[in-house]
Amino acid sequence: MSIYGIIVLIHVIAAVCGLGATFALPILMNRPKTAAQAHFAIHVNAGIEKLAKIGSITLLVTGLVLGILNPDLFTKIWFIASLIIYVAVQPIAAGILPKRIAEQKAILDGHTGEDLPESYHQIGKSMAPYNGFLHSAAIILIALMVLKPF
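All residue numbers in the sequence shown are consecutive under my numbering, ending with 175.
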């Protein structure tokens, strides 16, 4: 296998790790019905988020390395669009959503009882459009990388 082929393999594995977590995290965070379950979900989320960050950074680095090894990629609209979409979702994936989850954690840390406070649910609901945007972007990225339509 060539160096290029090895980097493509690493790129695909990184995509599975990074993009897979993008789909899993909202499901995990929307399941809790009690404060104890929510604490556990936040704890599990932290571990999954580390995998997602590593996968996401690896995805960017390997994508750029592939472009350096094959400069023709920088003339392909699908490649450039993929880079633009990746950069566009980073403020949400690395900024907004982790901040909202930290807000949920703070609410839980200051809460007594097993019921989930309404403010916890409100923050969860406010994340739905962001998660929908991330899911859409992930599907588009996958389609662009697999189909290379233009």
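By construction, the Cβ of each residue, glycine as well, lies at the ideal position given by its N, Cα and C atoms.
query	result
Glu139 (DSSP reduced to helix, strand or coil)	coil
Burial state of Gln129, where buried means 16 or more other Cβ atoms lie within 10 Å	buried
Buried versus exposed call for Pro116 [16 or more other C-beta atoms within 10 Å across all chains shown]	exposed
Length of the line joining the Cα atoms of Ala38 and His146	Rather than Ala, the amino acid found at residue 38 in this sequence is Ile. Ile38 and His146: Cα-Cα distance of roughly 34 Å.
For Lys124, three-class secondary structure by DSSP	helix
C-beta neighbour in chain D for Leu89, strict 8 Å	You won't find chain D in this structure, because it holds only one protein chain.
Rounded C-alpha distance that separates Glu74 from Ala40	14 Å
Classification of Ala63 by the beta-carbon crowding that lies within 10 angstroms, buried from 16 upward	buried
Pairwise C-alpha distance: Phe48 and Asn70	12 Å
CA-to-CA distance, Gly88 to Asn156, given in whole angstroms	23 Å
Buried versus exposed, by CB contacts within 10 Å (16 or more), Ser144	exposed
C-alpha gap between Phe175 and Val33, whole angstroms	19 Å
At least three beta-carbon pairs within less than 8 Å, the stretch 91 to 99 to the stretch 51 to 62	no
Whether Ala60 touches Gly135 by CB criterion (8 Å)	no
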